[in-house]
Every structure is written in structure tokens, then in C-alpha cells.
Amino acid sequence: MPRVASGPFWKRMRRDRLMLELMARGGMRIGEVLKLRMMTVEDCELFLVSPKSGRQNEVVFIPKKVAGRLREYIRF
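Every number in my numbering is 19 more than the matching position in the sequence shown, counting from 1.
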């Protein structure tokens, strides 16, 4: 029977991987990733409030797979 990783270490690994994917595939900066809140996530769109670009708001489009992982992480 295969072992399934769980516990706080596994959750931290998932979080770190998700952060890297958001930066690599969504073109986000680390500060923008850290400022994400549940209410700013909608399907494959992320709404950034006061991004580094200087605009008031910005929309970032992410792949469906990354959006699915983000939704799973938020529910977890």
C-alpha cells in the first residue's frame, strides 16, 4: 500500500510549489502572490489590488491546472 504524504510539511510543500507556479506561469511577483486573498481569486483570473506596476488594479490570467490547485489549497 503506497504511503500518502500528509501533515504540516506536506502542506508547506504544496504552498511553496503553488507560489512558484503562480510566479512562473502567471508572471506574478512574490509580493503580489503574498497579497492574494480568497476574494481576489475567480476561476482562472486573479485580481491584484495595488500591484507593483503602479496601477490601481490588475488582472492576471493563470492556467486552469494552476487555478484548480489554488482552489484546492484554499479549501484545504
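Glycine included, every Cβ here is placed at the ideal spot set by N, Cα and C.
{"Query": "L103, DSSP secondary structure in three states", "Result": "Nothing can be reported for residue 103, as the shown portion of the chain is limited to 20 through 95."}
{"Query": "Spatial neighbours of K71 in its chain, beta-carbon cut-off 8 Å, leaving aside the 5 residues before and after", "Result": "R48, G50, E51"}
{"Query": "P21 - DSSP class collapsed to helix/strand/coil", "Result": "Reliability fails at P21, whose pLDDT of 48 lies under 50, so the model's placement of it is uncertain and the value that follows must be treated cautiously. Correct three-state label for P21: coil."}
{"Query": "Closest Cα partner of N76 within the set T59, K84, R88", "Result": "T59"}
{"Query": "Those residues which DSSP pairs with L65 across a bridge", "Result": "V60, V79"}
{"Query": "Whole-angstrom C-beta distance between L53 and L89, which should lie under 8 Å", "Result": "So it is not a contact: roughly 14 Å between Cβ atoms."}
{"Query": "Distance between I93 and L55 (C-alpha atoms, nearest Å)", "Result": "11 Å"}
{"Query": "Cutoff 7 Å; reference F66; Cβ partners in own chain excluding five residues on either side", "Result": "T59, N76, V78"}
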